[in-house]
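Residue numbers (this note's numbering): 1 to 347. Don't be surprised by glycine CBs; every beta carbon is placed ideally from N, CA and C. Quick caveat, the model's predicted, so the values are computed rather than measured. Inspection log for the structure reproduced underneath, given as structure tokens.
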């Protein structure tokens with residue numbers, strides 16, 4: 001077939017027609033995408049409509065220079081709602097099942113307004129996105145409303161599992177998506193903490209880090225405190241979780257020469273009774289050097305390599321590591337605690 005014959009052939013006409021259709025469709029889709037694309041402003045308007053059921057006037061809060069990153073959450077956007085004086089905060093909470101959950105949270109401000117503001121709770125929680133959460137559809141708006149009703153400023157909300165564990169939180173709501181509820185609870189806690197810093201001028205300073213205390217990585221500084229009397233430091237320590245082990249709450253007394261005189265586990269974070277039975281508790285008489293010989297001079301050896309030589313069973317490695325770390329924190333910081341009156345606000 002010659003070139004002239006090809007250009008006159010049915011095959012060529014079909015190719016031209018097909019390309020024409022593709023070109024028209026491409027142009028059409030490009031135009032329609034422009035019409036259908038949802039802008040950030042439209043997304044925000046939809047979120048407000050879902051929360052309030054109507055349009056409200058808001059004032060955007062510029063986040064530059066503000067504290068927006070917290071232990072288990074981060075603030076993405078924030079607005080003051082001019083209609084009611086509350087704060088609308090978009091927060092991403094960590095510790096979900098497969099990642100994070102992003103929510104819109106309305107923080108209720110007290111009746112005294114700007115002259116003497118206070119945080120009176122949470123009005124509404126709406127899920128914005130949860131890309132890694134397989135069971136997010138199990139969480140109803142009713143469950144979110146119930147979670148909002150449990151929120152209280154100054155108290156950590158725990159509507160799902162506790163941090164780093166599969167233990168039910170103090171505010172647990174059964175949904176079939178306990179990890180996601182934990183992340184959502186973290187959103188709420190982050191929103192209140194942000195508003196406390198921005199609107200109330202309250203910054204939860206890290207007392208222990210600011211005062212040069214050591215071995216803080218596995219310590220929940222917001223739930224840890226101490227008192228001193230006659231050269232004895234009595235610590236109330238809450239560890240972080242060490243999944244699958246949950247947080248431990250421990251009372252430790254440290255006396256002369258930084259030696260433990262009392263060590264009592266008041267809340268066991270072990271995942272089951274058979275693990276709890278393997279948690280080492282014989283810490284009286286131990287000092288910082290002993291703890292370092294087990295978990296390393298920097299406290300980061302979370303293996304069980306040195307357990308056997310120190311009489312520690314190896315069946316609850318993660319739980320035992322938390323208890324050892326708490327002991328190291330208490331003994332290594334004994335002199336610092338004697339010299340530094342506790343003012344962290346958790347006592």
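{"Query": "Which one of 304, 287 and 323 has the shortest CA to CA distance from residue 280?", "Result": "323"}
{"Query": "Looking only at C-alpha atoms, which of 275, 219, 217 and 216 sits nearest to residue 245?", "Result": "275"}
{"Query": "Please identify the residue among 171, 122 and 99 whose C-alpha is closest to the C-alpha of residue 136.", "Result": "99"}
{"Query": "For the stretch 85 to 100 against the stretch 185 to 203, do three or more pairs of beta-carbon atoms, one drawn from each stretch, fall closer than 8 Å, so that the two count as touching?", "Result": "yes"}
{"Query": "If contacts are defined as beta-carbon pairs under 8 Å, then residue 96 and residue 133 qualify, I think. What distance do you get, rounded to the angstrom?", "Result": "5 Å"}
{"Query": "Using the Cα positions of residue 267 and residue 39, report the straight-line distance between them to the nearest angstrom.", "Result": "49 Å"}
{"Query": "Which value, in whole angstroms, describes the spacing of the CA atoms of residue 187 and residue 56?", "Result": "22 Å"}
{"Query": "Rounded to a whole number of angstroms, what is the C-alpha to C-alpha distance between residue 241 and residue 270?", "Result": "10 Å"}
{"Query": "Which residues in the same chain have their Cβ closer than 6 Å to the Cβ of residue 36, if we skip the five residues on either side of it in sequence?", "Result": "Only weak support is given to the placement of residue 36: the predicted model assigns it a pLDDT of 49, under 50, and the question is left unresolved by the model."}
{"Query": "How big is the Cα-Cα spacing for residue 117 and residue 151?", "Result": "18 Å"}
{"Query": "Please confirm if residue 304 has its CB atom under 9 Å from at least one CB of chain D.", "Result": "The chain labelled as chain D is not found in the depicted structure, where only one protein chain is given."}
{"Query": "Entirely within the stretch 230 to 270 and at least 3 residues each: give me those beta strand (DSSP E) ranges in chain order.", "Result": "232 to 238, 249 to 255 and 259 to 267"}
{"Query": "Let me check one thing: in DSSP terms, what residues is residue 125 bridge-paired to?", "Result": "105"}
{"Query": "Would you mind stating whether residue 292 and residue 285 have Cβ atoms separated by less than 9 Å?", "Result": "no"}
{"Query": "Assuming residue 143 contacts residue 173 under a Cβ cut-off of 8 Å, what Cβ separation, rounded to an integer in Å, is found between them?", "Result": "5 Å"}
{"Query": "Using 8 Å for Cβ pairs, my map puts residue 232 next to residue 255. What's the rounded Cβ distance?", "Result": "5 Å"}
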